[in-house]
Amino acid sequence: MEFFDFHHHKKYIRNGIYNLSKGIPPDFPYSIGIHPNDIDVNTIEQQFSWMKNTMSENCFAIGECGLDSLVSVDQKIQEEVFLRQIKIANEVKKPLIIHCVRKFYEVISFKKKAEQPMIIHGFNKKRQIAEDLLSNNFYLSFGKAVLYNLSLQDIIKDTPLDRIFLETDNEDFNIEELYIKVSEIKAISLEQMNEQILENLHSIKNG
Ligand SMILES: [Zn+2]
Numbered sequence: 002m003e004f005f006d007f008h009h010h011k012k013y014i015r016n017g018i019y020n021l022s023k024g025i026p027p028d029f030p031y032s033i034g035i036h037p038n039d040i041d042v043n044t045i046e047q048q049f050s051w052m053k054n055t056m057s058e059n060c061f062a063i064g065e066c067g068l069d070s071l072v073s074v075d076q077k078i079q080e081e082v083f084l085r086q087i088k089i090a091n092e093v094k095k096p097l098i099i100h101c102v103r104k105f106y107e108v109i110s111f112k113k114k115a116e117q118p119m120i121i122h123g124f125n126k127k128r129q130i131a132e133d134l135l136s137n138n139f140y141l142s143f144g145k146a147v148l149y150n151l152s153l154q155d156i157i158k159d160t161p162l163d164r165i166f167l168e169t170d171n172e173d174f175n176i177e178e179l180y181i182k183v184s185e186i187k188a189i190s191l192e193q194m195n196e197q198i199l200e201n202l203h204s205i206k207n208g
């Protein structure tokens, strides 16, 4: 069985969404965006024109983009760059893959500007934040931490199956382990788990 890797940084994985942050687009699905940590106020216009000129037919989503309270880029500038990417996603009708560090309530406040689905990648925070994101119609993509973090496993138990994605991000492990773990938590078969993720992909693709 092949398992879809919702967010990754490895050129050898073809069944998933590769995160493109510079250069030319690959011949497999990718997302394209400006990570808060990559914002450079001197070259931001070039960064945006690169984005717009690099959207081939394999572009699945906009991102990762978002807000990060730990990077040195000014918060106001981060918000402007995030909002511009939300508008691009609206224009090209593609979902947004969100990077968020300690700025969840700010990200939630941007949700009303987005006409496309928003997926928080690498979710690894508290139950209350998960609940607030879910009640605001976000999707959550989970990574390696699920394999050992019991409170995260508990959150998955209460996350609707139709709001879940699974990813390796920049961690080195076999995504099948994660599919097995989550299918056990949700008490469904591995096949059902796999099918569910494909259905979820289909529904974010159609807005
Ligand atoms: Zn990433």
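Residue numbering for the sequence shown follows our numbering, beginning at 2 and increasing consecutively. We put the CB at the ideal spot given by N, CA and C, even for glycine. This structure is a prediction, so every number in the text was calculated from the model and none was measured.
query: Determine whether the beta carbon atoms of S32 and N20 lie at a separation below 7 Å.; result: yes
query: Excluding the five sequence neighbours on either side, which residues of its own chain have a C-beta within less than 6 Å of the C-beta of F105, listed in chain order?; result: I130
query: Just reading off the beta strand (DSSP E) that N20 is part of, what are its end residues?; result: G17 to L21
query: Starting from the Cα of D28, find the closest Cα among M56, E65, F4 and E116 and give me that residue.; result: M56
query: Compute the beta-carbon to beta-carbon distance between F124 and F143, rounded to the nearest angstrom, for a pair I have assumed lies under 8 Å.; result: 6 Å
query: Mind checking whether P96 and D69 have CB atoms under 7 Å apart?; result: no
query: Output the boundary residues of the alpha helix (DSSP H) element that contains L141.; result: No alpha helix (DSSP H) contains L141, which is instead part of the beta strand (DSSP E) from Y140 to F143.
query: CB P30 to CB F4, shorter than 7 Å?; result: no
query: Cutting at 6 Å between CB atoms, please list the residues of its own chain near N91, excluding the five before and the five after it.; result: E116
query: Under 7 Å between the Cβ atoms of G34 and E81?; result: no
query: For N195 and Y180, I'd like the C-alpha separation in whole angstroms.; result: 7 Å
query: Kindly indicate which residue of R164, I63 and S22 has the alpha-carbon position closest to the one of N201.; result: R164
query: If you draw a straight line from the C-alpha of L191 to the C-alpha of I45, how long is it?; result: 43 Å
query: Mind checking which residues open and close the alpha helix (DSSP H) that includes H203?; result: L191 to K206
query: Which value, in whole angstroms, describes the spacing of the CA atoms of L153 and D75?; result: 30 Å
query: CA-CA distance, R89 and I63?; result: Here residue 89 is Ile; the residue named in the question, Arg, does not match the sequence. Cα to Cα, the separation comes out at about 8 Å.
query: Evaluate H8 with the Cβ neighbour count: other Cβ atoms within 10 Å of its Cβ, from every protein chain shown; 16 or more gives buried, anything less gives exposed.; result: buried
query: Pick from T160, R85 and N54: whose alpha carbon is nearest that of V183?; result: T160
query: Could you tell me if the beta carbon of D170 falls within a distance shorter than 6 Å of some heavy atom in ligand 1?; result: yes
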